[in-house]
Amino acid sequence: MNSTSGLMMPLSWKCLAAGFGLNTNLLDTNLFNLAVVIGVLVYFGRGVLTTLLDNRRDEILNTIQNAEKRYQETIEQLQQKRAFLQQAQAEAEEIRLNGFSQRERAKQELIEEAAEKSKRLDDYKNATLCLNEQRIIEELRQEASRSALKEALDALSTRLHGSVQTQMIDYHISLLKTMQSQAD
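The numbering used here puts the first residue of the sequence shown at 31, with every later residue one more than the last.
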């Protein structure tokens with residue numbers, strides 16, 4: 031038995047030592063195979079991994095720079111908008127103040143115009159009253175003159191006779207004509 035098993039043993043040893051190869055079964059691999067696989071991955075994967083990491087780093091830096099640039103642009107736009115808002119508020123305040131001053135000026139002009147119209151109406155009223163008063167006085171004078179003349183003529187016709195009456199009438203007619211020409 032011993033001999034049979036000795037014969038068999040070298041055959042199994044022979045099969046194992048027949049060639050060199052990589053064992054692709056991860057559970058059956060030994061340390062040497064793992065070291066070779068990891069070494070190959072590190073050697074060839076380092077360049078790819080470095081390139082991938084460099085590209086990713088560059089993308090992140092570009093994204094950060096673009097974000098900072100947009101942030102600065104946004105801040106500048108915000109400052110411009112704030113300046114525009116302040117300018118618009120200042121203009122609105124100026125317009126409001128101008129509106130107040132124009133309103134006060136218009137109010138004052140209306141008051142002055144109303145006072146002037148009131149004065150003109152008072153002057154017109156006074157002139158109308160004065161003219162009416164003068165017209166009434168003139169009518170009363172004429173009526174008084176007619177009445178006095180009539181009474182005088184009646185008295186003269188009863189008291190005077192012929193030639194004296196004619197002289198007296200001529201004198202008074204010339205006197206009345208003189209007064210009438212002065213009145214006109």
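Here a beta-carbon is modelled for each residue, glycine too, at the ideal position from N, C-alpha and C. A quick note: this is a predicted structure, and the numbers were derived from the prediction, not measured.
Query: Between the C-alpha atoms of V66 and T104, what's the straight-line distance to the nearest angstrom?; Result: 55 Å
Query: Indicate whether Q195 and S204 have their beta-carbon atoms separated by less than 8 Å.; Result: no
Query: For L206, which of R176, V78 and V72 has the nearest alpha-carbon?; Result: R176
Query: Rounded to whole angstroms, what's the CA-CA distance from Q117 to L91? Just pull it up for me.; Result: 38 Å
Query: DSSP state of C63, grouped into three classes?; Result: Reading off the sequence, residue 63 comes out as Asn, not Cys. In this structure, N63 counts as helix in the three-state DSSP scheme.
Query: Can you name, in chain order, every residue of its own chain whose Cβ lies under 8 Å from the Cβ of G129, other than the five neighbours on each side?; Result: none
Query: Determine the direct distance from the alpha carbon of A157 to that of I166, and round the result to whole angstroms.; Result: 14 Å
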